[in-house]
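Chains as they are written, first to last, in the numbering used here: chain A, 1 to 412; chain B, 1001 to 1401. The structure appears right after this line, and notes come after that.
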Amino acid sequence: MPEIFSEGFFPKINLQEGTNWATDFVRDVIIPRLPEAVAGHFPMELGTVLVMLAFAGIFVAVVPLLPLVLVLAERKVAARFQNRTGPMRVGPWGTLQTLADGIKLIFKEDYIPPQGDKLLFLLAPYIIFACSFAVFAAIPFGDGIPIPSDFNIGIFYIMAISSVIVMGVIMAGWSSNSKWSLLGSLRSAAQIVSYEIPLGLSILTVVMLVESLGMRDIVNSQSGGIFTWLIFRTPFTFIAFFIFFISSIAEVNRTPFDLPEAESEIVAGFHTEYSGMRFALFFIAEYANMFAVSAIGVTLFLGGWQGVLPGYDFLGGFPGFVIKTLGLVFMMMWLRWTLPRLRVDQLMNLCWKYFIPISFFNILGTGIWGLIFEKDDVWSIGISCAIIYVGLIGAYTVAGRNLVRKPEPQPS
Amino acid sequence: METTQQTESKIIELKPFTDEMVVNMGPQHPSTHGVLRLELRLDGEVVREAIPHIGYLHRCFEKHSENLSYPQIIPFTDRMDYVAAMNQNWGFCLAVEKLMAADESKDFAIPERAEYLRVLICELNRIASHLLSFGTYGMDIGAFTPFLYAFRDRERLLLLFEKICGARLTYNYIRIGGVSEIIPMEPGSIDEQNYLDEIESFLDYFEPKIDEYNDLLTSNSIFSERTMGVAVMSAEMALSYGATGPNIRGSGVDWDLRRDEPYSIYDRFDFDVPVAKDIPELGAVVGDCWSRYKVRMDEMKESVRIVRQILAEGLPDGPVMADLKAVRPPKGEIYFRSEAPRGELGFYIVSDGTPKPVRLKGRSPCFSALSALQELSRGLMVADIIAIIGSIDIVMGEVDR
Chain A
1 MPEIFSEGFF
11 PKINLQEGTN
21 WATDFVRDVI
31 IPRLPEAVAG
41 HFPMELGTVL
51 VMLAFAGIFV
61 AVVPLLPLVL
71 VLAERKVAAR
81 FQNRTGPMRV
91 GPWGTLQTLA
101 DGIKLIFKED
111 YIPPQGDKLL
121 FLLAPYIIFA
131 CSFAVFAAIP
141 FGDGIPIPSD
151 FNIGIFYIMA
161 ISSVIVMGVI
171 MAGWSSNSKW
181 SLLGSLRSAA
191 QIVSYEIPLG
201 LSILTVVMLV
211 ESLGMRDIVN
221 SQSGGIFTWL
231 IFRTPFTFIA
241 FFIFFISSIA
251 EVNRTPFDLP
261 EAESEIVAGF
271 HTEYSGMRFA
281 LFFIAEYANM
291 FAVSAIGVTL
301 FLGGWQGVLP
311 GYDFLGGFPG
321 FVIKTLGLVF
331 MMMWLRWTLP
341 RLRVDQLMNL
351 CWKYFIPISF
361 FNILGTGIWG
371 LIFEKDDVWS
381 IGISCAIIYV
391 GLIGAYTVAG
401 RNLVRKPEPQ
411 PS
Chain B
1001 METTQQTESK
1011 IIELKPFTDE
1021 MVVNMGPQHP
1031 STHGVLRLEL
1041 RLDGEVVREA
1051 IPHIGYLHRC
1061 FEKHSENLSY
1071 PQIIPFTDRM
1081 DYVAAMNQNW
1091 GFCLAVEKLM
1101 AADESKDFAI
1111 PERAEYLRVL
1121 ICELNRIASH
1131 LLSFGTYGMD
1141 IGAFTPFLYA
1151 FRDRERLLLL
1161 FEKICGARLT
1171 YNYIRIGGVS
1181 EIIPMEPGSI
1191 DEQNYLDEIE
1201 SFLDYFEPKI
1211 DEYNDLLTSN
1221 SIFSERTMGV
1231 AVMSAEMALS
1241 YGATGPNIRG
1251 SGVDWDLRRD
1261 EPYSIYDRFD
1271 FDVPVAKDIP
1281 ELGAVVGDCW
1291 SRYKVRMDEM
1301 KESVRIVRQI
1311 LAEGLPDGPV
1321 MADLKAVRPP
1331 KGEIYFRSEA
1341 PRGELGFYIV
1351 SDGTPKPVRL
1361 KGRSPCFSAL
1371 SALQELSRGL
1381 MVADIIAIIG
1391 SIDIVMGEVD
1401 R
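So, in structure tokens, the structure goes:
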């Protein structure tokens, strides 16, 4: 039994017990390099805090570069889907386009609606921006790469932080004093709150199998190659992965679930009234979020930084992790540029009538699976993969024939 | 006494109430297809009432025409339905020609070659118009990519129009008595052959693309969820509102002027009129948004068929312009209607024998179809309003004139 369940209702968060890399860093790297006279009196606590701040600085400087790349990638991917070339003017192959756009946005007027709630209006983009970046603090990028906040309830922390984003969205919609913004923010609130339930329930199946909420524990439990990744561990986690992925698309408000910012219906949704850098913050946060949910999906279901073959983790598994995450990000872009948008009631139907019951079924199934197979071995994984395979073939032949809607050709 | 009042006031404060929200959708809105303004009375996401306000693109076409000679009016008809300008030219020219034919002292006939060119170009223009409708409808529903696919194909059509009349959007190509000769194309010349070959290669490219678009959008589950069974316009309702063209055929009324009241040389071609049917296994109901959209997709195929028949026959020899000394219709009045891509385009002209009309009235198919919006949209959601506007395929230039 992990420690978290033994401490009563509130889980015990341990930042100190051996996992604190900042203390280790001060003790092992800094102090041996100091002159002896100073080393004995070096304040460990202050040093730890300073090291943490330094790493946080690096983190804050590096992570915002991600959206810069992703925005360009999205535009290029979209262009390929649509027989275009995408941005080509700024820099070689348009690679500096997002930078140019960012500079343009910085110099734009920062308009605040005079009838709106000024404080909330100013605050909202920062809340969304901060929350979507705070999620990165608990993501394990690779073996040996320190997780900025490596505590034993990592996935719980991520769920909690990403739930705060909806507060920013509602604040933005309300304070703009625009009817389109209000409609968009209310849509967003309903959507994010609804889809968090199947998202959390899918994560729960993983937590049940790993018996830990820590991100590093989850990754370490998938160290035996591709077939020990949690997606293949049981048939239920396989279903849970797809529910997780679709719900996370809804979480980050992308097509087919981009109702909060549906341009053809409610103009730009909750950020209609925003301009300049504040608009850019929403934009950056959206792409950061997209990367973050993909990274969480990879960590939970696709082995994190573990390689396809057991023990093979090149450069601490970091390149593999990024490739897998970008694969999911590409899937999101693919869906965005292919699919139309759902209506509000259909969106809610999908969540409440399909995803949540299936998620509960998943949890039940995972529990029973855990009772049958005491630990993961060749047998349990083999049976799981066989069931997944048969299920996929069955879904393809039976459901595919009925679900794919082909209108009959009009007689001519 | 005081305490009771306080508790009462507290209860009143806690009592939740909802109110209608009035939202102005447009005239500046991404998907009102121009400058339509809708006054939406919303209860949350549900539309209690959607009142269309028009007139933002009113250019006094009818009054202006009274001060222009007949050939000078043709460029103005271009600006009515700027997406299918050839058909607007044609509709007007047909009306004037009919009026002139009433004068038996002047004998003139439209040359065969001009008739063939008119049908050829107008059917291609119909394809271009329906392509734009398909693309923008996809975008209204939220799929961006079909829009660019549609524009890619429409671009090839616009290049074809540019080659024959020099313009890409407002053509002024079809004139009273024939077609414009601004870019000469000798009968049987290599130019003509090249042009027809180019059209043929476009058709060969385009025909499979229609199926591709049906796969991409028409049969998409989300798209059908959004459009099937939404805003059902019954045949009676469509007739009573005067909806025409694909809108009325989408409601199951088998009516196409090209077949039922053949004008020009449409009786020589073999084509079908697609009419919507109930498709229970998919969920499509006659008269819903999907049916109206699907009729347009099928009509493109029929237009391809007509153009292919012209290409097989080849253009006849002869002039492209009737020998008209002057356009001076006799005293009288005429109403003539033709089948434009958006429905019945009618022109009512009163002439007093001078080169200028006394009164000219355009009957716009979009205007009639738009009037049904208020009844169609009651009780639906905001997203459905967009689906309706896209499915009745309005062009505000024609609604306002």
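Note that beta-carbon positions come from the ideal geometry of N, C-alpha and C, so glycine has one too.
query	result
Nearest candidate by alpha-carbon position, reference residue 1163/B, set 1236/B, 1121/B, 1226/B	1121/B
Per-residue contacts from residue 1029/B into chain A (C-beta, under 8 Å)	267
heavy atom of the ligand ATP below 7 Å from residue 205/A C-beta	In the structure on display, the ligand ATP does not appear, and there are no ligands present to speak of.
Presumed contact (8 Å Cβ cut-off) between residue 1315/B and residue 1187/B, rounded CB distance	7 Å
Members of the segment 332-344 of chain A that neighbour chain B once the beta carbon cut-off is set at 9 Å	336, 337, 338, 339, 340, 341, 342, 343, 344
Below-8 Å beta-carbon distance, residue 1381/B vs any chain A residue	yes
Residue of 1154/B, 1392/B, 1166/B, 1114/B minimising C-alpha distance to residue 1264/B	1114/B
N-terminal and C-terminal residue of the beta strand (DSSP E) that residue 322/A is part of	Here residue 322/A belongs to no beta strand (DSSP E); instead the alpha helix (DSSP H) covers 318-336.
Cβ of residue 1143/B within 8 Å of any chain A Cβ	yes
is_contact[residue 330/A, chain B] using C-beta, thresh 8 Å	no
Contact residues within the segment 153-184 of chain A, judged by C-beta distance below 9 Å to chain B	179, 180, 182, 183
Members of the segment 1144-1164 of chain B near chain A, C-beta cut-off 8 Å	1144, 1145, 1148, 1149, 1152
Cβ pair residue 127/A, residue 235/A closer than 8 Å	no
Nearest-angstrom Cα separation, counted from residue 385/A out to residue 266/A	45 Å
Under 9 Å by beta carbon: chain B residues contacting residue 82/A	1144, 1145, 1147, 1148, 1149, 1152
Distance, residue 1153/B Cα to residue 1172/B Cα	22 Å
Touch test, the segment 238-254 of chain A against the segment 184-202 of chain A, Cβ-Cβ under 8 Å, three pairs minimum	yes
Outcome for residue 1002/B when other beta-carbon atoms lying within 10 angstroms are tallied against a minimum of 16	In this prediction, residue 1002/B has a pLDDT of 49, which is less than 50 and means its spatial position is unreliable; nothing more can be read from the coordinates.
Short Cβ contact (8 Å threshold) for residue 1141/B with residue 1387/B	yes
Contacts that residue 1300/B makes with chain A (C-beta to C-beta distance below 8 Å)	The premise fails here: residue 1300/B is roughly 12 Å from chain A at the closest Cβ pair, so nothing lies under 8 Å.
Neighbouring residues, chain A, relative to residue 1039/B (Cβ below 9 Å)	Going along chain A, no residue has its Cβ under 9 Å from residue 1039/B, so there is no contact; the nearest lies around 12 Å.
Cutoff 8 Å: residue 256/A Cβ touching any chain B Cβ	yes
The beta strand (DSSP E) enclosing residue 1337/B, as first and last residue numbers	1331-1340
Simplified DSSP state of residue 78/A, which is helix, strand or coil	helix
Proximity of residue 1235/B and residue 1247/B at Cβ, strictly below 8 Å	no
Three or more C-beta pairs below 8 Å linking the segment 1258-1275 of chain B and the segment 1216-1229 of chain B	no
Sequence-distant residues of the same chain with beta carbon closer than 8 Å to residue 167/A, five excluded per side	127
Buried versus exposed, by CB contacts within 10 Å (16 or more), residue 237/A	buried
Meets three-Cβ-pair contact criterion under 8 Å: the segment 1334-1353 of chain B and the segment 1372-1385 of chain B	no
Three-state class that DSSP yields for residue 225/A in the structure shown	coil
Per-residue contacts from residue 346/A into chain B (C-beta, under 7 Å)	1225
Euclidean distance between Cα positions of residue 293/A and residue 330/A	13 Å
Classification of residue 1398/B by the beta-carbon crowding that lies within 10 angstroms, buried from 16 upward	buried
Per DSSP, the bridge partner or partners of residue 1352/B	1331/B
Partner residues on chain A for residue 1045/B, Cβ-Cβ distance less than 7 Å	344
One or two residues paired with residue 1050/B in a DSSP bridge	1040/B
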